[in-house]
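Residue numbers (my numbering): 1044 to 1618.
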C-alpha cells in the first residue's frame, strides 16, 4: 500500500502511451497531486514541455497544433464547463482527458456533445483525487477546512460541498487500492457519522459494482475520526525535523517557501522536502532537533571532503571525472545548503521566541498532572515579554483543555492575563475551542485518565522517565492504533456503520481525520508500520495542520458561527 507509487503509476500511464510533445493541463488541486510525486525534470523526460492551469489556458487563443493536450482534472462542473469551452475552439492537435475521480454520465455526455471537431482521443478516470505526501500519508487540501466545525444550519451548501470533497477523496483512495472497506467512526462526532454514512451509501449502493473487486482477503478498515477528539496535538510545538519545519516555517505540498528568510540563497527560495527525492531527509525526517544538528554537521563534513577532492584536478582524466560527477556534485551542494538553511532558520526562531522554555510547559500540560504547578508556569510565561502572542494563546488553550472542569477561577485569571498581554487574541477564542473540543465533546481518552489501563500506562511511563522532555507527548492516534492492533477498540466509542462488520483483524487500516492531520501523527504511523505488527496503517486528513493553521481554523469558524448567532438568538455561545 504505497500511495506515491499508486499516483506515479497513474501519471506514467497518462504520459507514456501518448507519444510526441505534450502540454499537461491541471487544475488548482491536481497540480498538487502531480507536484508531490513528479519532478519537472521527470515531466520533461516524458516530453511534457508546457504545464498550464485549466482556467488560465482558457484566456489564451494562440494555436499550438504541434502539441498534444493531456488534461488531468477533478471532475467538477466548473472544470467540465472549461473543457467544453476549450473543445469548441481547439488549440491543440489532440485532446486526452483524464479525471481524478468518477465522472457523472451527464458530464460524459456534455463532453461528447462539445467534441464537434472529433479531437478527443480518450476520456478516462484515474483515481488520484488526493495528495500523496508520503507512502503512508495523504491530504485532501480542502480550502474550506473550517466547515467541519460549523452546525449544518450555518451553511448547509458549504458543509455539503465539504463532505462531498471528503467522500470523493476517500473513494479515490479505495478505488486506487482496489479495496472496499468496513467503516467505523467516532461516536461523538456528527460530521464523522455523516461522512461514514455517505461513504457507505456510495461504496455499497450507488457504485456497488465499481467497488466490488471480488477479493478474498479480510476487508480493510476505514476509521473516520474527528480532529476535535485530539485538539492537543496540533497546538504543540514540534521537535522532530519534518513536523518542526512545518510548525516554524511551513510546508505546502512537500515544498518550503524560503523567500522571507534573509539568508536563503537565490537558488533556494523554494525547496522540496520529499522522502522520495532526498535521501538525507528520508533518513532524518522523524529525528529530533538535537540529532538533526549532528547529522547535518556530518553531511557538511562529507560534502567538504568531496569538494576538497574536486579541487585537486591535475590531469585530463581528473577533469573528465569531475565533469562526469558535476551534476551529482551540484545536487549534493544544493541539498547541503537546503538543510543548513532550514536548521539555521529554525534555530533562530527557537531562540527568538524562547520556544524551549515554552515547549517544556506545553509538554507538561499535555502529559503530566499538577494543576497548581501548571497554573504558575503558564502565568509566568504570560508575563514574560519575550513570549510571542501566538505562544501565549496556545499555552492558555492547552491549560483550558486540560483543566476546564478543575479550575474555572484560575482559568478566568489566565483569560484576563491573555487579554491584557495579547489583546489581539480574545478569550472568546479559547472558549470557542472548549465548546468545540472540550471534554464533553471528545471520543477517546485524550489524557489517559479515564481508562484504568491507560492511567496505569501513563503512571509507568512517568516512573520510568522519558527520553526527551520535548517529545514526550504521544498523539491520541497512537492509543487508537494500539487498540486496533490488540482488538480492543470499543464498539460503543467507534461504532460500525451499516451491516458490514470486521470478521477478523484487518491487515490494512486507513484512518481519516476530518479537520486535518499533523506531521506528528504521520510520524507515529510511520514508526508503527516499521514494527511489522501485521497491520499496515495509512493516515489521511482534509488538510495538514500546524498550530497557526489550527488557530486560524477556530478564528474562521468562530466568525461564521458568531455571524449566524446574530440571526439565531437562541444559539448564544458565550463570546
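Glycine residues also receive a C-beta, built at the ideal position from the N, C-alpha and C atoms. These figures come from a predicted structure and were not determined experimentally.
- The C-beta separation of residue 1097 from residue 1069 comes to about 7 Å, placing the pair in contact by the 8 Å criterion.
- Per the DSSP secondary-structure output, residue 1283 pairs in a beta bridge with 1331.
- Rounded to whole angstroms, the Cβ separation of residue 1143 and residue 1076 is 7 Å, and the two are in contact under 8 Å.
- For residue 1201, the secondary structure class from DSSP, reduced to helix, strand or coil, is helix.
- In the structure shown, residue 1472 adopts helical secondary structure according to DSSP, grouped into three states.
- Take the alpha-carbon of residue 1245 and the one of residue 1152: they are about 22 Å apart.
- Measuring C-alpha to C-alpha distances from residue 1277 to each of 1463, 1544 and 1476 identifies 1476 as the nearest.
- Remark: fewer than three beta-carbon pairs, one from each stretch, lie closer than 8 Å, so the segment 1521–1528 and the segment 1223–1232 are not flagged as touching.
- In terms of Cα proximity to residue 1557, the closest of 1128, 1121, 1208 and 1061 is 1208.
- For residue 1274, the number of other beta carbons within 10 angstroms of its own is at least 16, and it is reported as buried.
- With respect to residue 1288, residue 1398 sits apart: the two C-beta atoms are not nearer than 7 Å.
- With respect to the 7 Å criterion, residue 1581 and residue 1329 are not classified as neighbours on the basis of their beta carbons.
- Here residue 1336 carries a helix assignment [DSSP, helix/strand/coil].
- In the structure shown, residue 1145 adopts coil according to DSSP, grouped into three states.
- Sequence-distant partners of residue 1339 (beyond 5 residues in either direction) whose C-beta falls short of 7 Å from its own C-beta, in its chain, are 1382, 1383 and 1386.
- Residue burial is scored here from C-beta neighbours: residue 1312 has fewer than 16 other C-beta atoms within 10 angstroms and is therefore classed as exposed.
- The bridge partners DSSP lists for residue 1175 are 1181.
- By the neighbour-count definition (other C-beta atoms within 10 Å, threshold 16), residue 1486 is a buried residue.
- Under the DSSP assignment, residue 1236 falls in the alpha helix (DSSP H) whose first and last residues are 1233–1244.
- Leaving aside the five residues that flank residue 1412 on each side, none in its chain has a CB nearer than 6 Å to its CB.
- Contact holds between the segment 1175–1195 and the segment 1583–1592, because three or more Cβ pairs, one in each stretch, are under 8 Å apart.
- By the neighbour-count definition (other C-beta atoms within 10 Å, threshold 16), residue 1263 is a buried residue.
- When the beta-carbon positions are compared, residue 1445 and residue 1465 stay at least 7 Å from each other.
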